[in-house]
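Some notes on the structure that comes next.
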Amino acid sequence: MPGSGRPSPPPPRPPWVLLPSPALLLLLLLVLLPGGTLRSGLDSAVGSEVNLLDSRSVMGDLGWIAYPKNGWEEIGEVDENYAPIHTYQVCRVMEQSQNNWLLTSWISNRGASRIFIELKFTLRDCNSLPGGLGTCKETFNMYYFETDDEDGRNVKENQYIKIDTIAADESFTELDLGDRVMKLNTEVRDVGPLTKKGFYLAFQDVGACIALVSVRVYYKKCPEVIRNLAIFPDTITGADSSQLLEVLGSCVNHSVTDEPPRMHCSAEGEWLVPIGKCMCKAGYEEKNNTCQACQLGFFKDLPQSQRCTKCPPHSYTREEASTTCLCEEHYFRKDSDPPTMACTTPSPITNVKKGKVAKNSISLSWQEPDRPNGIILEYEIKYFEKDQETSYTIIKSKETKITADGLKPASVYVFQIRARTAAGYGGFSRRFEFETSPVLAASSDQTQIPIIAVSVTVGVILLAVVIGFLLSGRRCGYSKAKQDPEEEKMHFHNGHIKLPGVRTYIDPHTYEDPNQAVHEFAKEIEASCISIERVIGAGEFGEVCSGRLKIPGKRELPVAIKTLKVGYTEKQRRDFLGEASIMGQFDHPNIIHLEGVVTKSKPVMIVTEYMENGSLDTFLKKNDGQFTVIQLVGMLRGIASGMKYLSDMGYVHRDLAARNILINSNLVCKVSDFGLSRILEDDPEAAYTTRGGKIPIRWTAPEAIAFRKFTSASDVWSYGIVMWEVVSYGERPYWEMTNQDVIKAVEEGYRLPSPMDCPAALYQLMLDCWQKDRNSRPKFDEIVCILDKLIRNPSSLKTLVNASSRVSNLLGEHSPLGNGVYRSVGEWLEAIKMGRYTEIFMENGYSSMDAVAQVTLEDLRRLGVTLVGHQKKIMNSLQEMKVQLVNGMVPL
């Protein structure tokens, strides 16, 4: 390698070594592809992948360098279109200490901070070589070197950073050569974060027999998209595989917004979590993700309006994109009338007559106008006491007469009347003034007597009602009529109501002396019965240890021990033991069991059963993809059963999350952590501070965030998030979104998408748990029942969300032919986002959907589809197509 200072290369290999020549290797490679040719020239972008380099599409010299020169060899051939084929091979397996390097030309990363390298290669089985060579290898190494210098390739070996050692899933033998069967391997690796403008790749051979068929280098991006009337530009994904990039959108033409909409670009090049939206401005309406002008005869006066509205009667527009309609000649609309009101011609009432007059009322009648501009629908009568115009009353009548009552005696009132037709209201009539009769003094005393009697009677009745209400209130504490359904589960102790025959949770904070609560609900253990073995973690109050508990007369138990650190305050001691006072009230196989407490000696300790596998979220991350769906549902069933028990006791957890679920060696899950403040203080990023405390935003129901309304229904919401964590093997809910963005997205109706390979039944249950109306969410006993049915009927878990969406695609929405038929294998693979394997399928003879339908899992492995998730995706899609084929829905 240039700059390495190594001695001159060894002499060429002896001619008697029976190894493939370059020409033979090329012939073998040609056998790989239908028709015996190598394809060249790929699209520069596949889905959300953008190529930086594809050795198969370079028409001229690649400019790669081999060192030493008798190491890697380039095979210079052309395909049927006279396009160059760039293949490199090395096979110096008979010689010791091989160190052959192949260096690419400089590759610009075009601003990407994370790139992917796809290698296609063949490798010969060392056991098939003559003499059983002991120096032969079946791997090679890949390196990279970052630099801004396009001529900075000639550096020392130790300046290159190793990406990985590449091994072949399939190797070939001499028998394969005779049968014209070749094993083409595909491996993909990623590199990041990159900080320079470009980089070089290097391939190191240390004694293998390899043919490097192609090298493709690419990055991923979220393609430009219009969502909620906002344009989100092409966005290169972040450097980290779990990173979400927040991207601001710009409103399309003729649209406005109070706050720029946002979306998040995932590491896989998918747009997620839209927040906010643009609105078509006045005079424009939304059509096909654009804002189009209102046509003639239509208008829109506000951006908040969804559609253009037809002009009301007797009005029109002069141009497109109008925000209001003009009245026709001789028709009018008041400035205070809304633009949706019809334009009308005056139709005033001119002849108003006074009828019967009393001290508190006046009767009026009038004639219908001569030209009312249509059928009169009703009359509107406006009246007020003279000189009191700011305080008036309006009466509506379908007849031409009314009686205005409730008036003052001996007072002058002003009346105005107008008519309404289908065209709208006419103008008010002129003012008519009429006076009520005076009060007669002689009768005044007589009329007061019945009024006083009625008043006394009403007063007595009201007093009786108030007394009854107060007595009722003292008995139950609140009005039953206004009781929230979930609050019926709130029970009281120490003087409060406690339902007979029902075991209920008692809040230890209702005790004046916390020591009384802890000793009522938790057993005191002698410190001599406990042996601490090792520290397994740290909590807010002290260390968490594992150890053994040996109580005389009982068998020894493994236990977890929480200790209270030295120098604690009385409040810390009270809070520490408060969790034991809560835990000690529970007795259920899916609730962490409290063995007892140590309070009479130091350190103060809480002793619980020991859960070998620790917290559920950490356990799932360590064992990603290792469990069957039934095992995952079993875990979820255990958690739901524990929560049903807590709900029945009237206890609201408030912090249900996978981190607060413990799991033992038998995969039994148990709800734990009954001290909300501890988790929140430990992880301030997981909480959003509100008045009165902290809330774990990503797991909390919207009503609990907004109004601190914690109920069993809000625990159900949290349980839905736990379901998502379990099925996604511990992925962080809402990824790296800020808490404020999570709040806003959930409020706008966004819900977490289905995890990959999630059964449709489970995802539907998640969505049910995330209903905005808490009364629409399932109860925990219903959740347990649903999960029991799924466990008893495992076939109900075979339909995946991913597969369901693919079936909908097959049935026409995205199918190229609109009838469920894919025109090619490539279209099918692109539809399920597995387009990267198109070449492999074609190269191995799977060029039709009939052939693809026969693919088995073993075939996929042989083709080089080694990722378990990708195998599942392809096989699930094939299974769905077969099901639809049986039902006569999807012809293959």
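As numbered in mature numbering (1 follows the signal peptide of the UniProt record, and there is no 0), residues -39 to -1, 1 to 853 make up the sequence shown, in order.
Built from N, CA and C at the ideal position, the CB exists for glycine as well.
Indicate whether residue 574 and residue 522 have their beta-carbon atoms separated by less than 8 Å. no
So which of 834, 190, 762 has the shortest CA-CA distance to residue 249? Among 834, 190, 762, the Cα nearest to that of residue 249 belongs to 190.
Rounded separation between residue 529 and residue 498 - CA only: 19 Å
To the nearest angstrom, how far is the alpha carbon of residue 566 from that of residue 699? 37 Å
By Cβ distance below 7 Å, which residues in the same chain neighbour residue 212 in space, the five residues on each side in sequence not counted? 190, 191, 218, 239
Would residue 89 and residue 23 qualify as a contact pair, given that the criterion is a beta-carbon distance under 8 Å? no
For residue 586, which of helix, strand or coil comes out of DSSP? In the three-state scheme derived from DSSP, where H, G and I count as helix and E and B as strand, residue 586 is classed as coil.
Buried or exposed: residue 479, going by 16 or more other Cβ atoms within 10 Å of its Cβ? buried
So the beta strand (DSSP E) residue 327 belongs to, where does it begin and stop? 322 to 327
Would you mind listing the beta strand (DSSP E) stretches within the region 99 to 127 that are 3+ residues and don't spill past its ends, in chain order? 100 to 108
Residue 75 to residue 687, Cα distance in whole Å? 28 Å
Pop quiz: residue 854 and residue 50 are said to be a contact at Cβ under 8 Å. What is the actual Cβ separation, rounded to whole angstroms? Nothing in the structure corresponds to residue 854, since the chain is present only between -39 and 853.
Check whether the Cβ atoms of residue 679 and residue 696 sit closer than 8 Å, and answer yes or no. In this structure, residue 696 does not lie closer than 8 Å to residue 679 by Cβ.
Rounded to whole angstroms, what is the Cα-Cα separation between residue 380 and residue 728? 53 Å
On the three-pair Cβ rule with 8 Å, is the region 315 to 325 touching the region 283 to 292? no
CB contact flag (residue 372, residue 396, <8 Å): yes
Below 8 Å, can you find three or more Cβ-Cβ pairs linking the region 100 to 107 to the region 121 to 129? yes
Taking contact to mean 3 or more Cβ pairs, one atom from each stretch, closer than 8 Å, check whether the region 506 to 519 and the region 484 to 498 are in contact. yes
Report yes if the CB atom of residue 242 is closer than 8 Å to the CB atom of residue 216, and no otherwise. yes
Who are the Cβ neighbours of residue 276 in its own chain at under 8 Å, not counting the five residues just before and after it? 286, 287, 288, 289, 292, 294, 303, 304
Mapping the DSSP letters down to three states, classify residue 225 as helix, strand or coil. strand
So, at 7 Å on beta carbons, what are the nonlocal neighbours of residue 258 in its own chain, with the 5 sequence-adjacent residues on each side left out? 271, 272, 277, 278
Compute the Euclidean distance between the alpha carbons of residue 311 and residue 222, then round it to the nearest angstrom. The alpha-carbon atoms of residue 311 and residue 222 are separated by roughly 57 Å.
Give, in chain order, every unbroken run of the beta strand (DSSP E) that is at least 3 residues long and sits entirely within the region 530 to 584. Qualifying beta strand (DSSP E) stretches, in chain order: 555 to 559, 566 to 570.
Name the one or two DSSP bridge partners that residue 386 has. 381
Please state the DSSP three-state secondary structure of residue 22. coil
Which residue spans inside the region 735 to 761 form an unbroken alpha helix (DSSP H) run of at least 4? 741 to 753
Distance between beta carbons of residue 708 and residue 663, contact taken as under 8 Å: With a contact defined as Cβ atoms closer than 8 Å, residue 663 and residue 708 qualify at about 6 Å.
How is residue 834 classed by DSSP in three states: helix, strand or coil? helix
So, do the region 597 to 607 and the region 530 to 549 have three or more beta carbon pairs nearer to each other than 8 Å? yes
Residue span of the beta strand (DSSP E) that contains residue 476, given as start and end: Run containing residue 476: none in the beta strand (DSSP E); it sits in the alpha helix (DSSP H), 475 to 482.
If you run the structure through DSSP and keep just helix, strand and coil, what is residue -13? Residue placement at residue -13 is poorly supported in this model, since its pLDDT is 41, which falls under 50; the coordinates still yield a value, given next. Helix at residue -13.
Limits of the beta strand (DSSP E) - the one that residue 234 falls within: Segment 232 to 236, the beta strand (DSSP E) holding residue 234.
From what residue to what residue does the alpha helix (DSSP H) around residue 177 run? Premise fails: residue 177 lies in the beta strand (DSSP E), 170 to 183, not in any alpha helix (DSSP H).
CA nearest to the CA of residue 630, picked from 588, 576, 668: Distance from the Cα of residue 630 is smallest, within the candidate group 588, 576, 668, for 576.
Quick one: what's got a C-beta closer than 6 Å to residue 840's C-beta in the same chain, skipping five residues either side? So no residue of the chain qualifies.
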